[in-house]
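Chemist: Handing you this structure, nothing more for now.
In the working numbering, the protein residues as written are 112 to 203.
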């Protein structure tokens, strides 16, 4: 992709990485990839072979931890909490 800085145009690279759904990979397997040995082999992890053969990856996913409460869930649920909120707002 092309960018401009200080009135001069330059080319930069953009990469997108995906972490495959694989809990463990043996060091010997990593070394064979680095050495340029066959990308596909019968002893490679299944998720890796699937990606090499089909181009479709199975990415590692996770459950989101941020839950945004609704407006109703954020409202005070007791009279004393409402009173505290009113005091706080009046101080502004």
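Just so it is clear, CB atoms sit at the ideal spot from N, CA and C, and this is done for glycine as well.
Give me the DSSP bridge partner(s) of residue 114.
Modeler: 121
Chemist: What are the boundary residues of the alpha helix (DSSP H) that includes residue 101?
Modeler: Since the first residue shown for the chain is 112 and the last is 203, residue 101 is missing from the structure and cannot be characterised.
Chemist: Below 8 Å, how does it come out for the segment 155 to 169 and the segment 129 to 147: are there three or more Cβ pairs, yes or no?
Modeler: yes
Chemist: Tell me, which residues are paired with residue 175 by DSSP?
Modeler: Answer is none; residue 175 lacks a bridge partner.
Chemist: Under the three-state reduction of DSSP, which class applies to residue 133: helix, strand or coil?
Modeler: coil
Chemist: Taking three-plus beta-carbon pairs below 8 Å as touching, is the segment 165 to 179 in contact with the segment 119 to 138?
Modeler: yes
Chemist: Between the alpha carbons of residue 115 and residue 121, how many angstroms are there, rounded?
Modeler: 6 Å
Chemist: What's the gap between the Cα of residue 135 and the Cα of residue 192?
Modeler: 49 Å
Chemist: The alpha helix (DSSP H) spanning residue 139 covers which residue range?
Modeler: 138 to 145
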